[in-house]
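Report on one structure; see the data block that follows.
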């Protein structure tokens, strides 16, 4: 499924030649200012004013100061390289980049919006030929100038905020709807929902899908069974413990990501609970868990492939309006029965 909004006007990036013309100085003078070499203060002021007005960014790779050739590098910003999900994305992106004769530079935001912003700005200052971004922040408008000047940017897993750009996403709402519906079809009516931060678009979509499944089955959502802002498995385990201690505990749980599923599994096993469990995201060794569970699965390699190929289409000159591609999910039985 692809959605196509209107694409903003794309302009080429300003060059040192443009800066020289705007400041009415020689190209050599601009080069001296950019490289912090001695230049008269009045000339420095004119060049810096032109740089600010045009939005020129210094290229930190010296050879690009002397030519208009591409860096043959693209940047990938993920959240946590140790997570198998992001490691797979980085691996696929690197394979495709290599096939295009391009080097992939990978950085990790650690789910910190300020770190994300700093890293993305560093990528743009290095004049990478394009960006792949798994976003952590909720405002990407700071990239608008770079996009307008022709920087190709593709977001994956989560959509951009405050910016029109290509995105490759999962069917988060549909996947959670299917997962919770499966529990309801088994006869469960008290379903505990474990989610991450509600500010994250994927979490909002997954909660919306779960609520829609309850509504379709005629089950009134019990707000006391919803736990949000959970990050670590330990937090999910404590949430499951608290829910199981209720006078009317849930008979089933839906976890909105694999880390929460792992925490829920640990607590259910510790308690000897036979509560049913569905988790969004497949995970390594899920098939060896000592109890049955269901996961909302998808093809991580396909997610990375579609996003990376889209980026290289942009690098090659595709200037069609930005689009959002949504990839399907499916339910898989895991664990030992």
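In the working numbering, the protein residues as written are 4 to 340. All C-beta atoms in this analysis are idealised placements derived from N, C-alpha and C, irrespective of residue type, glycine included. Note that the coordinates shown come from a computational prediction; the quantities given were computed from them, not determined experimentally.
Residues of its chain near residue i, where Cβ-Cβ distance is below 7 Å and the 5 sequence neighbours each way are ignored
i, result
"residue 58", "17, 148, 152"
"residue 50", "22, 26, 28, 32, 33, 36"
"residue 211", "176"
"residue 207", "201"
"residue 96", "79, 107, 135, 307, 311"
Cβ-based burial, residue i [other Cβ within 10 Å; buried from 16]
i, result
"residue 311", "buried"
"residue 272", "exposed"
"residue 144", "exposed"
"residue 296", "buried"
"residue 274", "exposed"
"residue 30", "exposed"
"residue 20", "exposed"
"residue 184", "buried"
CA nearest to the CA of residue i, picked from the options
i, options, result
"residue 24", "40, 42, 41, 56", "56"
"residue 134", "267, 187, 170", "170"
"residue 84", "175, 113, 98, 314", "113"
"residue 130", "150, 167, 279", "150"
"residue 216", "188, 141, 243, 124", "188"
"residue 196", "333, 202, 180", "180"
"residue 167", "333, 326, 334, 337", "326"
Backbone secondary structure at residue i - three-state DSSP
i, result
"residue 169", "strand"
"residue 109", "strand"
"residue 333", "strand"
"residue 28", "coil"
"residue 254", "coil"
"residue 140", "coil"
"residue 73", "Note that residue 73 scores a pLDDT of 47, beneath 50, so its modelled location is shaky; the value from the coordinates is reported in the next line. Residue 73 falls in the coil class under three-state DSSP."
Host beta strand (DSSP E) of residue i (start-end)
i, result
"residue 81", "76-81"
Cutoff 6 Å; reference residue i; Cβ partners in own chain excluding five residues on either side
i, result
"residue 109", "79, 93"
"residue 65", "Note that residue 65 scores 39 on pLDDT, short of 50, meaning its location in the model is unreliable and no value can be drawn from it."
Own chain residues within Cβ distance below 8 Å of residue i, not counting five before or after
i, result
"residue 132", "73, 74, 75, 76, 77, 105, 155, 318"
"residue 321", "none"
"residue 82", "89, 111, 112, 113, 114, 137, 139"
Residue i - containing alpha helix (DSSP H), residue span
i, result
"residue 263", "261-274"
"residue 183", "175-188"
"residue 100", "87-102"
Residue i: CB within 7 Å of a non-hydrogen atom of the ligand SAM
i, result
"residue 165", "With respect to small molecules bound, the structure shown includes none, and the ligand SAM cannot be examined in it."
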